[in-house]
Structure formats: C-alpha cells, structure tokens
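Novice: Residue numbering for the sequence shown follows our numbering, starting at 918 and increasing by one per position. Virtual Cβ for every residue (Gly too), placed ideally from N, Cα, C. Given the structure is predicted, the values throughout are model-derived calculations rather than measurements.
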Amino acid sequence: MDVVLGANGHVGTAVAQALLARGRAVTVALHSPAQAPAWEQRGAAVAIVDVCNTPALTALLGQASRAFVLNPPAPPPHWIRTRWNAPAPTPLWRPCKR
918 MDVVLGANGH VGTAVAQALL ARGRAVTVAL HSPAQAPAWE QRGAAVAIVD VCNTPALTAL
978 LGQASRAFVL NPPAPPPHWI RTRWNAPAPT PLWRPCKR
C-alpha cells in the first residue's frame, strides 16, 4: 500500500491520482474528514491523521510499502525579505507542539 501525505495539495493530488490510475492501493493521509468522501470515490483508502501525532503517523507509515511526503516550502530567508522590503510570510501550516 502506498501512503500519500498532502493529498489535497497540488502535488499530492497528482501523485495520488497517478498511483490510483496505475492500479496501486493508495491511502491518502488527511487532516480533515471533510475531504474523505471525494478520495473514497476515487478508490483511495483514507486515514485521518494529524502529522504532529507521531504515534499515529508512525502506525500509518508502518503499514505502507511506499510513502510520498512533500515538505511544505520554507519561507524565504530574512535577507531576501529585507532586500526587497517584503513582509514576513504568513505561515501555511501550524507548527507541531512539542
């Protein structure tokens, strides 16, 4: 089984759909159950998991033969923002609480 994290993003969606089109067994890891029905209709299994929940994520990935994980893009370095007088970026994700 292949696990795709970020399946609702641009790249993750393309990866999951390509794997499904090739007949692979795909589980999409979602943080919200609202998107689950659309993925189930496409033929994917769905796992609702918070990526900050290490035990849950470990259990899911432990069942996989392959996993697709794409790290979100990092904000530009401070010196780039300063040079072009750009505002600090708005985070697209929330940090995991330690």
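Identify the residues that DSSP records as bridge partners of T944: which are they?
Specialist: Answer by DSSP bridge pairing, in chain order: V920 and A962.
Novice: Could you have a look at A1016 and say whether DSSP puts it in helix, strand or coil?
Specialist: Absent from the model: residue 1016. The displayed extent of the chain is 918 to 1015, so no value can be given.
Novice: Assuming the contact rule is C-beta atoms closer than 8 Å, V945 and A935 should be a hit. Round their C-beta distance to whole Å, please.
Specialist: 13 Å between Cβ atoms; not a contact.
Novice: Given this structure, state the Cα-to-Cα distance separating R983 from A976, to the nearest angstrom.
Specialist: Each residue's alpha carbon lies about 14 Å from the other.
Novice: Should A951 go down as buried or exposed, given a rule of 16 or more other Cβ atoms within 10 Å for buried?
Specialist: With fewer than 16 Cβ atoms within 10 Å of its Cβ, A951 is classed as exposed.
Novice: Find the nearest neighbour of A957 within the set A973, A942 and G926, judged by alpha-carbon distance.
Specialist: Looking at the sequence itself, residue 957 is Glu, so the reference to Ala does not match. Of the candidates A973, A942 and G926, the one whose C-alpha sits nearest the C-alpha of E957 is A942.
Novice: In its own chain, which residues sit with a C-beta less than 6 Å from the C-beta of L922, not counting the 5 before and 5 after it?
Specialist: Answer for L922: A946 and V986, listed in chain order.
Novice: Specify, as a first and last residue, the run of the alpha helix (DSSP H) that G929 falls within.
Specialist: From DSSP, the alpha helix (DSSP H) with G929 extends over H927 to A938.
Novice: Cβ of R959 within 7 Å of Cβ of L937?
Specialist: Closer than 7 Å, so yes.
Novice: Once you ignore the five residues that flank T971 on each side, which residues in its own chain have a CB closer than 7 Å to its CB?
Specialist: Correct list: empty, nothing qualifies.
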